[in-house]
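Q:
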Amino acid sequence: MSTPVASIAKLLTQPTSGERARQRINWGMRVIVGVAAFLAILPLIALILFVILKAAPYLVPTFFFNNPLDKEPGVLNAIVGSLQLSGLTVLISGPIGIAGGVYLSEFASPRVVAIGETVIDVMLGVPSIVAGVFAYLILVPVLGFSGWAAVAALSILTLPIMMRSTQEVLRLVPQAIREASLALGVPVWKTALFVSVRTALPGILTGVILAFSRALGETAPLLMTARGTNAENWLDFSTTMNAMPIVIYQYSNAASDLLIGQAWATALILMVIALTINVLVRGRTVNSRTA
51 MSTPVASIAK LLTQPTSGER ARQRINWGMR VIVGVAAFLA ILPLIALILF
101 VILKAAPYLV PTFFFNNPLD KEPGVLNAIV GSLQLSGLTV LISGPIGIAG
151 GVYLSEFASP RVVAIGETVI DVMLGVPSIV AGVFAYLILV PVLGFSGWAA
201 VAALSILTLP IMMRSTQEVL RLVPQAIREA SLALGVPVWK TALFVSVRTA
251 LPGILTGVIL AFSRALGETA PLLMTARGTN AENWLDFSTT MNAMPIVIYQ
301 YSNAASDLLI GQAWATALIL MVIALTINVL VRGRTVNSRT A
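Last residue of the sequence shown: 341 in the working numbering, with the numbers rising by one and none dropped.
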């Protein structure tokens, strides 16, 4: 037999009609958002599965360790070429982009910042084919079809990424840290380099990784500068170089089923590398936020 106190407690804990309505709405919105999220990632899942099915028959060890002219052709020179071109691009454009981002965030006047941000926004919106045409018309006549011309074209595309990412992560550095450093008599330039930049270093490195990923997947600038080659090229940027996007483009237009299959396999390799880089960037971003 329930006591009056127990009856009152039970009555108070029962949801009212308004609370039940809110619970139903909350449940309904959870379902809608979940379905929307699933539909958003469904094309990516379908694309990955489709590429895997197309590429699986051609993913043999010789494909990774042989060159196109070997008895059992592979794309080793394209994998190595992509890593070399993307790595040199980041090495060249990285210091310039980071320095530009530090200047805009720490030293520039508001007017210069406004102009710089406008230029960065415009450069971020430049299609890759435009950078390729620029390199083809201006640099190829001087450097020839070479890795150097390709690196220059890729640097045009990666430079604004690193400038913007550096500027944004430096904005997240608490102003109190800068003020504390200045209050101790530390010069402005030392505060910027050894306090602000050091605090934002994980975010800056994330921007560098994103720029590397962007350079790794570009096709148009490479077609108009590096051109591609069947030879193996190690650190010789003065001649034509091969890269995975070039292989995908050329092999996908071939009449041979073997070359078309290898194009799918190369696309899968490039996709795996890009997804791995993005996962690493995501992990670094989450860790820096929770630190």
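For each residue, glycine too, the CB sits at the ideal point set by N, CA and C.
#1: Once DSSP output is grouped into helix, strand and coil, what is the label at Met274?
#2: Can you name the start and end residues of the alpha helix (DSSP H) that Met14 belongs to?
#3: Determine, using beta carbons only, whether Ala199 and Leu209 come nearer to each other than 7 angstroms.
#4: Restricting to Cα atoms, I'd like to know which of Phe287, Ala181, Pro271 and Gly147 is closest to Leu138.
#5: Closest to Ala281 by C-alpha separation, out of Pro123, Arg80 and Glu268, would be which residue?
#6: For Met291, which residues does DSSP report across the bridge?
#7: Comparing C-alpha positions only, which one of Ala261, Pro224, Ala233 and Thr275 sits nearest to Thr249?
#8: Tell me the DSSP secondary structure of Pro237 in three-state form.
#9: Ile170: which of Val236, Val140, Gln217 and Ser178 sits nearest, CA to CA?
#10: At what residues does the alpha helix (DSSP H) containing Ile206 begin and finish?
#11: Just curious, the alpha helix (DSSP H) that Tyr108 is in, first and last residue?
#12: What does the Cβ neighbour count give for Met51, buried or exposed, with the cut at 16 atoms within 10 Å?
#13: Using the three-state DSSP reduction, which class does Asp120 fall into: helix, strand or coil?
#14: State the CB to CB distance for the pair Ile148 and Ile259, rounded to an integer number of angstroms; the pair is presumed to be in contact (CB under 8 angstroms).
#15: With the cut-off set at 7 angstroms, would you say Ala181 and Pro295 are in Cβ contact?
#16: Can you list, in chain order, the residues of its chain with a C-beta nearer than 7 angstroms to that of Gly131? Leave out the 5 residues immediately preceding and following it.
#17: Taking only heavy atoms of the ligand ZN into account, decide whether any of them is closer than 6 angstroms to the Cβ of Val176.
#18: Three-state secondary structure (DSSP) at Glu69?
#19: Would you please state the rounded distance, in angstroms, between the beta carbons of Ala128 and Thr275? I believe it to be under 8 angstroms.
#20: For Met51, which three-state DSSP category applies?
#21: So the candidates are Ile327, Asn328, Gln312 and Leu204; which of them puts its Cα closest to the Cα of Leu109?
#22: Here's the rule I'm using: 16 or more other beta-carbon atoms within 10 Å means buried, otherwise exposed. How should Gln73 be labelled?
#23: Does DSSP put Ile306 in a helix, a strand or coil?
#24: Evaluate the contact criterion for the region 161 to 176 versus the region 230 to 238: three or more CB pairs, one atom per stretch, below 8 angstroms.
#25: Cutting at 6 angstroms between CB atoms, please list the residues of its own chain near Thr316, excluding the five before and the five after it.
#26: In whole angstroms, what is the alpha-carbon distance linking Leu207 and Ser215?
A: For this structure:
#1: coil
#2: Any question about residue 14 goes unanswered here, given that the chain covers just 51 to 341.
#3: No Cβ-Cβ contact shorter than 7 angstroms links Ala199 with Leu209.
#4: For the options Phe287, Ala181, Pro271 and Gly147, the alpha carbon positioned closest to that of Leu138 is the one of Phe287.
#5: Pro123
#6: Met291 is bridged by DSSP to Arg277.
#7: Pro224
#8: coil
#9: Gln217
#10: Residue range Gly197 to Arg221 is occupied by the alpha helix (DSSP H) that includes Ile206.
#11: Segment: none, Tyr108 is in no alpha helix (DSSP H) and carries neither H nor E.
#12: With a pLDDT of 47 at Met51, under the threshold of 50, the modelled position of that residue is not reliable, and no figure is offered here.
#13: coil
#14: About 13 angstroms; that fails the 8 angstroms criterion.
#15: no
#16: Asn283, Met291, Asn292 and Ala293
#17: Absence of the ligand ZN from the depicted structure is noted, as is the absence of any ligand whatsoever, leaving it without description.
#18: Helix at Glu69.
#19: 15 angstroms between Cβ atoms; not a contact.
#20: Residue confidence for Met51 is low, a pLDDT of 47 falling below 50, so the modelled location carries little weight; the figure read from the coordinates is stated next. In the three-state scheme derived from DSSP, where H, G and I count as helix and E and B as strand, Met51 is classed as coil.
#21: Gln312
#22: exposed
#23: First, the residue type needs correcting, since residue 306 is Ser and not Ile in the sequence shown. Coil.
#24: no
#25: Val125, Met294, Val297 and Ile298
#26: 14 angstroms
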